[in-house]
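Working notes for the structure below.
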Amino acid sequence: MLHRLRRLISRSAPDDMKPGDRYYRNIGHRFQETATILDLRPDLLGIPHVHFSLAVERSDANTLAEGPRTLAVSRFVGEFRKRVG
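Next comes the structure, spelled out in structure tokens:
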């Protein structure tokens, strides 16, 4: 079962994606969302998902931290393409 899980995740996630990694995306010219990966695991149907926390930062240096989120790995990779540092 663990082998199958790793295979499902590796099909969708980059090999070096792991908990603690941070990715970001820009929303217009004023906002940046930064996602910190908390966990990588499949849902009940076996679809690999990324569990992450999200911080929204404005260009005037204000930051709003939001709670945990979940996206399918394929969607996460499409949305958050740039790795922090």
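Residues in the sequence shown are numbered consecutively from 1238, following our numbering. From the three backbone atoms N, C-alpha and C, an ideal C-beta is built for every residue, glycine too. Computed from a predicted model, the values in this text were never measured in an experiment.
- For Ser-1290, the three-state secondary structure derived from DSSP is strand.
- Around Ser-1290, the same chain offers Ala-1272, Thr-1273, Leu-1275, Ala-1302, Glu-1303, Gly-1304, Pro-1305, Arg-1306 as residues with beta carbons nearer than 8 Å, after the five sequence neighbours per side are excluded.
- Closest in alpha carbon position to Arg-1259, among Ser-1311, Arg-1295, Val-1287, Ala-1309, is Val-1287.
- Residue pairing from DSSP leaves Phe-1313 without any beta-bridge partner.
- Sequence-distant Cβ neighbours of Tyr-1261 in its own chain, meaning closer than 6 Å and more than five residues away, are Gln-1269, Thr-1271, Lys-1319, Val-1321.
- Per DSSP, the continuous beta strand (DSSP E) segment holding Ala-1272 begins and ends at 1268-1279.
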